[in-house]
Amino acid sequence: MPAEIRRGCRARTVIPLLLSGLLLPVPATWPQSPAEFAHSYAVVIGIRDYRSKQFPDLPYGRTDAEAMADYLKSQGFEVSSLFDSQATKRNIMETMMQLAKRLQPDDRFAFYFSGHGTSERNGDETWGYIVPYGAADSVDYISNAEIEDLSRRMKNARHQLFLFDSCFSGQMITRSGGVSPDIPNYIDEVTKRIARQGFAAGGRDQSVLDSGPDGHSVFTSALLKGLACKADLNGDGFITFAELEAYVVPLATNSFQTPAPGVLPGHEGGEFVFRSPCGRVAPAPSPEPLPKIVVRRGDTDQLSEAKKLLQGSQFAQALPLFEASALAGDPEGMYYMGRLYNSGWGVPLDPAQAREWYEKGAAAGSGDAMFGMGHLYAHGLGVTQDYPQARQWFEKGAAAGSGDAMGALGGLYEHGLGGLTQDYQQARQWFEKGAAAGGGLAMTNLGALYQHGLGVAQDYQQARQWYEKGAAAGSGNAMDSLGRLYEHGLGVTQDYQQARQWLEKAAAAGSGDAMVGLGYYYEHGLGVTQDYQQARQWYEKGAAAGDGLSMNNLGSLYQDGLGVTQDYQQARQWYETGAAAGNGRAMDNLGRLYEHGLGVTQDYQQARQWLEKGAAAGNDDAMVGLGYFYQHGLGVTQDYQRARQWYEKGAAAGDGLSMNNLGYLYENGLGVTQDYQQARQWYEKGAAVGNGLAMSNLGVLYQNGLGVTRDYQQARQWYQKAAAAGDKDAEQRLRALPQ
Numbered sequence: 155m156p157a158e159i160r161r162g163c164r165a166r167t168v169i170p171l172l173l174s175g176l177l178l179p180v181p182a183t184w185p186q187s188p189a190e191f192a193h194s195y196a197v198v199i200g201i202r203d204y205r206s207k208q209f210p211d212l213p214y215g216r217t218d219a220e221a222m223a224d225y226l227k228s229q230g231f232e233v234s235s236l237f238d239s240q241a242t243k244r245n246i247m248e249t250m251m252q253l254a255k256r257l258q259p260d261d262r263f264a265f266y267f268s269g270h271g272t273s274e275r276n277g278d279e280t281w282g283y284i285v286p287y288g289a290a291d292s293v294d295y296i297s298n299a300e301i302e303d304l305s306r307r308m309k310n311a312r313h314q315l316f317l318f319d320s321c322f323s324g325q326m327i328t329r330s331g332g333v334s335p336d337i338p339n340y341i342d343e344v345t346k347r348i349a350r351q352g353f354a355a356g357g358r359d360q361s362v363l364d365s366g367p368d369g370h371s372v373f374t375s376a377l378l379k380g381l382a383c384k385a386d387l388n389g390d391g392f393i394t395f396a397e398l399e400a401y402v403v404p405l406a407t408n409s410f411q412t413p414a415p416g417v418l419p420g421h422e423g424g425e426f427v428f429r430s431p432c433g434r435v436a437p438a439p440s441p442e443p444l445p446k447i448v449v450r451r452g453d454t455d456q457l458s459e460a461k462k463l464l465q466g467s468q469f470a471q472a473l474p475l476f477e478a479s480a481l482a483g484d485p486e487g488m489y490y491m492g493r494l495y496n497s498g499w500g501v502p503l504d505p506a507q508a509r510e511w512y513e514k515g516a517a518a519g520s521g522d523a524m525f526g527m528g529h530l531y532a533h534g535l536g537v538t539q540d541y542p543q544a545r546q547w548f549e550k551g552a553a554a555g556s557g558d559a560m561g562a563l564g565g566l567y568e569h570g571l572g573g574l575t576q577d578y579q580q581a582r583q584w585f586e587k588g589a590a591a592g593g594g595l596a597m598t599n600l601g602a603l604y605q606h607g608l609g610v611a612q613d614y615q616q617a618r619q620w621y622e623k624g625a626a627a628g629s630g631n632a633m634d635s636l637g638r639l640y641e642h643g644l645g646v647t648q649d650y651q652q653a654r655q656w657l658e659k660a661a662a663a664g665s666g667d668a669m670v671g672l673g674y675y676y677e678h679g680l681g682v683t684q685d686y687q688q689a690r691q692w693y694e695k696g697a698a699a700g701d702g703l704s705m706n707n708l709g710s711l712y713q714d715g716l717g718v719t720q721d722y723q724q725a726r727q728w729y730e731t732g733a734a735a736g737n738g739r740a741m742d743n744l745g746r747l748y749e750h751g752l753g754v755t756q757d758y759q760q761a762r763q764w765l766e767k768g769a770a771a772g773n774d775d776a777m778v779g780l781g782y783f784y785q786h787g788l789g790v791t792q793d794y795q796r797a798r799q800w801y802e803k804g805a806a807a808g809d810g811l812s813m814n815n816l817g818y819l820y821e822n823g824l825g826v827t828q829d830y831q832q833a834r835q836w837y838e839k840g841a842a843v844g845n846g847l848a849m850s851n852l853g854v855l856y857q858n859g860l861g862v863t864r865d866y867q868q869a870r871q872w873y874q875k876a877a878a879a880g881d882k883d884a885e886q887r888l889r890a891l892p893q
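Numbered by the working numbering, the letters in the sequence shown go through residues 155 to 893 in order.
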């Protein structure tokens, strides 16, 4: 069978990185390790400009390599750098061969490549390659077999580390392995042992991203942030390969790539170790607490202790206890192992591992593990989203007594998902059962029914009481909902201080909604001093938690230059990320950039497509935007009927501008019979929800006696309201109004 070559790449789609950090200066004193290295060598390769048109240029290829070279030099490495036209296959191989002759048993070696990668299928075997400068076909590439051969030639070095920031680079490494961090004198032991480790930006079949908002690729930026202290998870002054893996994998994972750590032949349980630029942190920073973990009657001492450790975010200590409990056959231990992998607590975020443990726990009778399985299917985590499957698991979990499963099942009834007819009564009954079983999710959902009057009489006091119970049970969503009651004064006195305190608790419990809420408070100075830097930091935390609105709001800060340098490219990148996370507002904002040519070429077709996506996601701004496009023929054939339909959808969603624009169509007879009464009614609806333009247009009707008796006093009042709402035209009309 002929071989199939996949075109080399590092994908150019931009996904923003969610945390910030700079390389820090090396401290004067280091924690000492009993096992030191005589010499540290590195070969760093970065290619931005490829000679062959087969491989497009990589804007960050050289930039990434230069930053990595600078870091390695700060760690005392003797670095050989090959950039762009220097990075031919011949030069790379020759540099490595010459270095192999110099290496001694107490030396270590690091290799970093930033450029294109490709793969080749030949029969039932797949080969991976990195693509040097000037390469035209596979003869000019460097294969995974050649990398392994180079590693063997460098066998004198006690430690070797290979880093690949290229597509399909997971082919370059084989299996994972390591030493338990619980052994005595861990750093001493792993530095003495032979290490042959590799870290690839993506899996064997994955294209990876070339760019990110901070000027580096997703993978390399995560590496640099981790090596600049953040990956020193236990604060001992050393960054082990395992710590780097635990830090980088969740941060650099997205819909395109999942970083792949592993080892090369000859590995004997060692770990490549960097010294943290921050030195030893004593004591290690205490992490924010997790949601409340319930210690149940009948828990083994081991499981009970593990839950207490997890409550304090002591992941490294809790993990072996949960694992031992699970391996001993305890269903709850299996559930918690799944929860750790599902949340990325102390282990790489791994839905596949989470599913494996949930399945074991469910088979052993854990209702919470059954709930975990349903959660994976409901949210499409590691599996195809499947509400009927989720429902089956929630039903099994509910039958086994899981309060969270009961709460989740009620949620399906509330929204009519999984083949169920929407039924608020059924939802409430399941929420009540779940709450009686101690499920924080069920308590929170009950509160929401009372807050919004769904199947029950609207009752803010009842809502607050259920949210308080859910918060006491550790539900971050309940804490967030309590904050919103205080924010809007629903059943309580409006109190931004109280609201902020609840949102902070919810954020500590992992609620992305609370993080974006706190960002909004700081952006607009609600209950706090206005602080765009604080706003940005909270939005970044929300974005790191996967919150699409946080990503959108970061884009808005960059678009408007609030607390940051105005940067339309950064704005677009954050909007794209928010859109990929399903946020309709981000889709609408992307459409606006294309509509007005901000940081992109003006393109009404692209704008319309993004607005349509935003409208499909329920965003009313996108709906009114589409109506405007059809009304004025922007990128589409002018069509007043289509415009009216979109305005009606926006109005049904509560959008005041849509209501105003409907009034305008009726006032001027555009696609409808001219009807001043209808126009007035729509303007009044828009004014009632605070739209200044609708208020101003009402003033015009009264000033000119259109569908109403001419009344300058009424006109003046509406112009004044419109001006107070920020409408500039209203101020001019007010000055021109006859006395």
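In this text, a Cβ means the ideal position worked out from N, Cα and C, and glycines have one as well.
Give the secondary structure of residue i by DSSP, where H, G and I count as helix, E and B as strand, and everything else as coil.
i: A264; result: strand
i: Y748; result: helix
i: S206; result: coil
i: R493; result: helix
i: T863; result: coil
i: W499; result: coil
i: A617; result: helix
i: A414; result: strand
i: H569; result: helix
i: S320; result: coil
i: H370; result: coil
i: A761; result: helix
i: F231; result: coil
i: L473; result: helix
i: V198; result: strand
i: H313; result: strand
i: S556; result: coil
Per DSSP, which one or two residues make a beta bridge with residue i?
i: Y674; result: Beta-bridge pairing links Y674 to no other residue.
i: W281; result: E274
i: H193; result: D261
i: T394; result: V427
i: Q580; result: According to DSSP, Q580 bridges with nothing at all.
i: R350; result: Q314
In whole angstroms, what is the alpha-carbon distance linking residue i and residue j?
i: L398; j: A311; result: 21 Å
i: Q543; j: A532; result: 8 Å
i: G628; j: T647; result: 24 Å
i: V682; j: Y676; result: 6 Å
i: A103; j: G282; result: Lying before the first or after the last residue shown, residue 103 is absent from the chain, which here runs from 155 to 893.
i: G679; j: A876; result: 24 Å
i: F476; j: A662; result: 23 Å
i: R347; j: D649; result: 59 Å
i: E232; j: N245; result: 17 Å
i: S292; j: R307; result: 22 Å
i: L317; j: S371; result: 13 Å
i: W499; j: Q465; result: 11 Å
i: G389; j: V427; result: 14 Å
i: A559; j: Q688; result: 37 Å
i: D504; j: M813; result: 47 Å
i: G391; j: S375; result: 21 Å
i: G593; j: G643; result: 27 Å
i: Y686; j: L703; result: 16 Å
Applying the criterion that 16 or more other CB atoms from any shown protein chain within 10 Å of the CB defines a buried residue, is residue i buried or exposed?
i: K587; result: buried
i: D319; result: buried
i: S239; result: exposed
i: K379; result: buried
i: G526; result: buried
i: K882; result: exposed
i: A516; result: buried
i: L481; result: exposed
i: T394; result: buried
Within 7 Å: the Cβ of residue i and any heavy atom of the ligand ZN?
i: V718; result: Because no ligand of any kind appears in the structure shown, any question about the ligand ZN cannot be addressed here.
Does the count of Cβ pairs from the region 232-250 and the region 384-402 closer than 8 Å reach three? no
Using 8 Å as the cut-off, can you tell me whether the region 820-830 makes contact with the region 850-860, which would need three or more C-beta pairs spanning the two stretches below that distance? yes
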